[in-house]
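>
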Amino acid sequence: MSHQTLSLSLFVVFVILTLGITLWASRQTKTAADFYSAGRRITGWQNGVAISGDYMSAASFLGIAGLISLFGYDGFLYSVGWLVAYLTVLLLVAELLRNSGKYTMADVLAYRMRQRPVRSAAALSTVGVSIVYLIAQMVGAGALVKLLLGVQGDAASILAIAGVGILMIVYVTFGGMIGTTWVQIVKAVLLMAGTVLLSFLVLAKFGFSMDKMFADAATASGKGDAFLAPGLRFTNTLELVSLGLALVLGTAGLPHILIRFYTVPTARAARKSVLWAIGIIGGFYILTTFLGFGAAALVGHEAITKADKAGNMAGPLLAQTIGGGEGSFGGDLFLAFIAAVAFATILAVVAGLTITASSSFAHDFYANVLRRGQERDEQAEVRVARITALVIGAIAIVLASFARGQNVAFLVGLAFAVAASANLPTILFSLYWKRFNTNGAVVGILVGLFGSLLLVLIGPNVLGAKGLIKSVEPLFPLENPGIVSIPLGFLAAWLGTVLSREPASEEMYEELRVRALTGLGAEEAEVAPEPESETAPATRPTG
Amino acid sequence: MASDRRNPSRSPTTGRMTAEEAVTATEAVGKDPEMVELEHRHQRFVWPVTVFFLLYYLALPILAGVAPDLMGTKVFGEFTFGYLFALSEFLMAFVVAWVYARWASSRMDPLATDLRQKLHRRQIKEVDG
């Protein structure tokens with residue numbers, strides 16, 4: 001059996017399993033709360049595993065391994081930033097957000113503000129960030145299929161991108177948040193199992209000596225000791241700090257991570273889920289050392305770049321080499337297994353992003369802006385969310401077909417910069433600054449969103465020798481805009497606020513703080529039946 | 001105006017309370033000395049710790065940029081200072097998360113629970129009286 005057939009079969013097994021979960025979840029999904037937030041019935045550890053599954057994307061598994069295998073030490077900087085980012089989430093955002101919101105990121109932002117302007121801006125940035133992130137995932141899927149089927153044509157990767165898009169639409173429209181959560185949990189377990197196994201086998205190849213692995217990787221890279229030190233990918237300190245800021249601050253502004261905290265019943269459960277996530281994600285990122293340096297030593301620079309210019313295929317190629325090399329049964333089997341894990345990884349993240357974007361459009365824009373929050377018809381709202389999932393899936397399929405050939409970790413790094421610039425200032429000011437108001441929130445989101453996107457468009461990724469338009473020199477020198485766009489987002493939110501007065505927002509600050517810190521009102525969410533829903537079971541009161 | 005301002009998603013999450021009742025209730029709790037203390041403790045903990053972990057984290061990209069030679073220095077075997085420093089970031093993250101969790105469950109949760117119970121009692125009293 002060829003590795004194509006093998007990986008296809010393994011992949012089909014995963015798809016059938018997850019479609020089964022989706023079918024089961026669709027039977028559990030009766031109310032809007034079920035669709036958006038899994039009825040707040042997910043436990044702390046389950047949510048922690050699901051967050052890990054939502055977070056460790058193609059960027060982590062394919063992208064980081066690729067960057068380390070090509071540039072050594074510099075690639076590992078992504079791993080560190082993406083883990084430390086969870087401290088920002090844990091300390092400043094997770095519990096307060098859980099207590100003061102319901103379905104979307106905008107619930108917290110709009111708590112004490114005028115609903116329509118804030119929700120419109122937040123829906124725009126939620127959909128924007130999610131689509132940039134989605135594109136990166138689907139680029140990974142395209143590269144993977146090209147490797148698996150051994151074809152060079154673009155048709156295969158476009159077909160793969162479309163396939164992933166269709167599956168994600170099915171997961172989200174039928175399974176809602178319950179289905180998405182369980183797909184993410186299954187994926188997280190598979191990904192950890194695959195990574196631990198692969199790392200163990202790599203280490204065994206070097207006689208369980210990390211020293212030997214580092215030495216061999218340095219030699220095989222042709223760069224010598226420079227491979228074990230910074231400087232092969234990033235030489236500019238500003239660029240490094242810019243990327244670092246985007247990574248460490250971006251997570252707390254990622255809508256698809258934030259709304260996971262609505263799926264748990266209490267703030268304590270939210271805290272517990274971040275702790276689980278930090279443990280799992282931290283363990284995984286430490287293991288990227290073995291994937292990256294292992295691939296550099298065992299697969300080699302030439303073979304990695306031959307399969308994918310940006311290095312995205314280093315992990316799967318490493319599996320093939322470890323299993324016995326191209327053409328051997330072991331090599332084919334292990335490649336098939338790791339490729340299936342990578343597909344599962346992509347699908348779960350893509351489902352999480354899609355439900356986030358479509359929830360925000362339906363709940364924030366359709367129900368609260370277009371319908372002005374009156375005569376709430378939650379069934380209609382969920383219907384709109386399902387249709388939106390379809391549209392967003394289609395948009396992402398088209399855009400991803402154009403973005404092929406970029407490193408996935410790098411693309412996701414950009415999404416983090418946009419999230420940190422547009423969303424984080426407004427979230428923090430909403431929760432911690434009494435004077436903050438509607439003007440500040442809207443200006444902050446819009447300036448952060450368009451400012452960061454503009455800096456990418458006039459930066460070296462698009463203009464200049466390394467970019468798409470080679471004849472024009474870049475107007476902005478940095479690849480990652482974070483160091484400029486994040487302070488810009490904070491500044492805009494501050495300026496928009498001090499230039500206007502909104503006493504109503506200040507008056508409600510105390511209410512928000514009481515609620516966010518004590519869980520008052522929100523804590524009973526699992527106890528009281530939803531007024532709109534007749535079917536929610538009455539559960540035992542807690543607290 | 002009022003309908004625009006009221007967060008329509010709020011009353012469902014407040015359970016059996018209406019939005020107006022919740023506002024009155026939280027106003028009373030907002031003045032409670034326990035609430036003031038809770039607020040105080042929270043601010044005093046999260047901001048200093050945030051400054052600490054951000055500085056510790058940013059030291060990594062800054063050192064990588066300005067002192068690549070130091071980062072490339074081999075401390076033992078093939079382990080460079082840069083790699084060990086990166087690993088120490090993981091350790092730092094685990095420790096800070098653990099310290100926060102311990103602090104929150106011993107210094108925050110009891111106060112928050114107390115405040116919630118106070119409010120429940122107040123509501124019951126209102127119904128009885």
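Residue numbers (the numbering used here), protein chains in the order written: chain A, 1 to 543; chain B, 1 to 129. The beta-carbon is built from N, C-alpha and C at its ideal position, and this holds for glycine as well.
Let me know the secondary structure DSSP gives lysine 102 of chain A once reduced to three states.
Position 102 of the first sequence holds residue 102 of chain A. Coil at lysine 102 of chain A, not helix or strand.
> Where do the ends of the alpha helix (DSSP H) carrying phenylalanine 476 of chain A lie?
For this step, residue 476 of chain A is matched to residue 476 along the first sequence. Here phenylalanine 476 of chain A belongs to no alpha helix (DSSP H), and DSSP marks it neither H nor E.
> Am I right that valine 189 of chain A and leucine 347 of chain A are in contact with their C-beta atoms under 8 Å? What's the rounded C-beta distance?
Start at 1 with the first residue of the first sequence, and residue 189 of chain A comes out as number 189. Start at 1 with the first residue of the first sequence, and residue 347 of chain A comes out as number 347. About 14 Å; that fails the 8 Å criterion.
> Check for me: the alpha helix (DSSP H) holding valine 369 of chain A runs from which residue to which?
Counting from 1 along the first sequence, the entry for residue 369 of chain A is found at position 369. No alpha helix (DSSP H) holds valine 369 of chain A; DSSP gives it neither H nor E.
> Where does lysine 74 of chain B fall in DSSP's three states?
In the second sequence, the residue the question calls residue 74 of chain B occupies position 74. It is a strand residue.
> Residues of chain D with CB closer than 7 Å to the CB of phenylalanine 76 of chain A, please, in chain order.
This model lacks chain D altogether, as its protein chains are A and B.
> Mind checking isoleucine 166 of chain A: buried by the 16 CB within 10 Å criterion, or exposed?
By 1-based counting over the first sequence, the position of residue 166 of chain A is 166. When all chains shown are included, isoleucine 166 of chain A counts as exposed.
> Taking the C-alpha atoms as reference points, what is the distance between glutamate 507 of chain A and isoleucine 135 of chain A?
Position 507 of the first sequence, counted from the first residue, corresponds to residue 507 of chain A. Position 135 of the first sequence, counted from the first residue, corresponds to residue 135 of chain A. Approximately 41 Å between the Cα atoms of the pair.
> If you draw a straight line from the alpha carbon of lysine 434 of chain A to that of isoleucine 51 of chain A, how long is it in whole angstroms?
Counted from its first residue, the first sequence places residue 434 of chain A at position 434. Counted from its first residue, the first sequence places residue 51 of chain A at position 51. Their backbone Cα atoms lie some 30 Å apart in a straight line.
> Between the Cα of threonine 476 of chain A and the Cα atoms of A/Asp364, A/Leu238, A/Arg515, A/Gly519, which residue gives the shortest distance?
Position 476 of the first sequence, counted from the first residue, corresponds to residue 476 of chain A. The sequence given here places phenylalanine at residue 476 of chain A; threonine does not occur at that position. The option with the nearest alpha carbon to phenylalanine 476 of chain A is A/Leu238.
> Which class does threonine 80 of chain B belong to by DSSP, given the choice of helix, strand or coil?
Residue 80 of chain B sits at position 80 when you count from the first residue of the second sequence. If DSSP states are grouped into helix, strand and coil, threonine 80 of chain B belongs with the strands.
> Between the Cα of glycine 279 of chain A and those of A/Leu87, A/Thr356, A/Ile68, A/Ser505, spot the shortest distance and give me the residue it belongs to.
For the purposes of this step, residue 279 of chain A is identified with residue 279 of the first sequence, where counting begins at 1. Measuring from the Cα of glycine 279 of chain A, the nearest candidate turns out to be A/Leu87.
> Is isoleucine 469 of chain A helix, strand or coil by DSSP?
Residue numbering aside, residue 469 of chain A sits at position 469 when the first sequence is read from its first letter. Note: isoleucine 469 of chain A maps to strand in three-state DSSP.
> Quick one: list the residues of chain A neighbouring valine 49 of chain B, beta-carbon separation under 9 Å, in chain order.
For the purposes of this step, residue 49 of chain B is taken as the residue at position 49 of the second sequence. Ordered by position in chain A, the residues that pass the 9 Å Cβ test against valine 49 of chain B are Leu87, Leu91.
> Counting only runs of 4+ residues fully inside the region 37-116 of chain B, write out the alpha helix (DSSP H) ranges in chain order.
Segments of the alpha helix (DSSP H) lying fully in the region 37-116 of chain B: 68-72, 81-103.
> Pick out the complete alpha helix (DSSP H) segments inside the region 392-461 of chain A, 4 residues or longer, and give them in chain order.
Here the runs fully enclosed are 408-422, 424-432, 438-457.
> Quick check: is the beta carbon of isoleucine 62 of chain B nearer than 8 Å to any beta carbon in chain A?
Residue 62 of chain B sits at position 62 when you count from the first residue of the second sequence. Output row for isoleucine 62 of chain B: interface = yes.
> Which whole-angstrom value describes the C-beta separation of alanine 229 of chain A and proline 61 of chain B, a residue pair presumed to lie in contact below a C-beta threshold of 8 Å?
Taking the first residue of the first sequence as position 1, residue 229 of chain A is located at position 229. Taking the first residue of the second sequence as position 1, residue 61 of chain B is located at position 61. Not confirmed; about 14 Å, so no contact.
> Is the region 373-384 of chain A close to the region 129-145 of chain A, with three or more CB pairs under 8 Å?
No, the region 373-384 of chain A does not touch the region 129-145 of chain A.
> With the cut-off set at 8 Å, would you say isoleucine 486 of chain A and leucine 249 of chain A are in Cβ contact?
As a working mapping, residue 486 of chain A is identified with position 486 in the first sequence. As a working mapping, residue 249 of chain A is identified with position 249 in the first sequence. In this structure, leucine 249 of chain A lies closer than 8 Å to isoleucine 486 of chain A by Cβ.
> Nearest-angstrom Cα distance between glycine 142 of chain A and isoleucine 158 of chain A?
Translated into positions along the first sequence, residue 142 of chain A becomes position 142. Translated into positions along the first sequence, residue 158 of chain A becomes position 158. Roughly 6 Å separates the two Cα atoms.
> Go through its chain and collect everything with a Cβ distance to leucine 115 of chain B's Cβ below 8 Å, but skip five positions before and after it.
What you label residue 115 of chain B is simply residue 115 of the second sequence in a count that begins at 1. Counting only Cβ-Cβ distances below 8 Å, and skipping sequence neighbours, we find Val29, Asp32, Glu34, Met35, Leu38.
> Rounding to the nearest angstrom, what Cα-Cα distance links methionine 168 of chain A and phenylalanine 14 of chain A in this structure?
As a working note, residue 168 of chain A is residue 168 in the first sequence. As a working note, residue 14 of chain A is residue 14 in the first sequence. Roughly 13 Å between the two C-alpha positions.
> Taking only three categories from DSSP, how would you classify leucine 67 of chain A?
As a first step, residue 67 of chain A must be located in the first sequence, where it is residue number 67. Helix.
> Below 8 Å between beta carbons: does that hold for threonine 356 of chain A and phenylalanine 174 of chain A?
Taking the first sequence and counting its residues from 1, the one referred to as residue 356 of chain A is at position 356. Taking the first sequence and counting its residues from 1, the one referred to as residue 174 of chain A is at position 174. The answer is no: Cβ separation not under 8 Å.
> Got a sec, what are the start and stop residues for the alpha helix (DSSP H) glycine 521 of chain A sits in?
The residue labelled residue 521 of chain A in the question sits at position 521 within the first sequence. No alpha helix (DSSP H) contains glycine 521 of chain A, which DSSP labels as neither H nor E.
> Pick out the complete beta strand (DSSP E) segments inside the region 121-201 of chain A, 3 residues or longer, and give them in chain order.
You should have found no qualifying run.
> By the 10 Å Cβ neighbour count, where 16 or more other Cβ atoms means buried, how is tryptophan 276 of chain A classified, buried or exposed?
Here residue 276 of chain A is taken as the residue at index 276 of the first sequence, counted from 1. That one is buried.
> Classify isoleucine 68 of chain A as buried or exposed, calling it buried when 16 or more other Cβ atoms lie within 10 Å of its own Cβ.
Position 68 of the first sequence, counting from 1, holds the residue named residue 68 of chain A. Buried, because 16 or more other Cβ atoms sit within 10 Å of the Cβ of isoleucine 68 of chain A.
> Out of curiosity, what's the CA-to-CA distance linking alanine 235 of chain A and leucine 63 of chain B?
The residue given as residue 235 of chain A occupies position 235 in the first sequence. The residue given as residue 63 of chain B occupies position 63 in the second sequence. With the sequence shown as reference, residue 235 of chain A is identified as threonine, and alanine is not the correct amino acid for it. Distance between the alpha carbons of threonine 235 of chain A and leucine 63 of chain B is about 11 Å.
> Determine the chain A residues that contact histidine 42 of chain B at a beta-carbon separation under 7 Å, and present them in chain order.
What you label residue 42 of chain B is simply residue 42 of the second sequence in a count that begins at 1. Residues of chain A passing the Cβ test: Leu517.
> Can you confirm whether valine 66 of chain B, when its beta carbon is compared against all beta carbons of chain A, has any partner nearer than 8 Å?
The residue labelled residue 66 of chain B in the question sits at position 66 within the second sequence. For valine 66 of chain B, the answer is yes, since a Cβ of chain A falls inside 8 Å of its Cβ.
> Taking the alpha-carbon of threonine 263 of chain A as reference, which of A/Glu511, A/Asp34, A/Val514 has the nearest alpha-carbon?
As a working mapping, residue 263 of chain A is identified with position 263 in the first sequence. Answer by Cα proximity: A/Asp34.
> Along the chain, where does the alpha helix (DSSP H) containing asparagine 47 of chain A start, and where does it finish?
Position 47 of the first sequence, counted from the start, is the residue given in the question as residue 47 of chain A. Start and end: 44-55.
> Can you tell me whether DSSP reads leucine 488 of chain A as helix, strand or coil?
Locating residue 488 of chain A in the first sequence gives position 488, counting from the first residue. Looking at leucine 488 of chain A - three-state DSSP - the assignment turns out to be helix.
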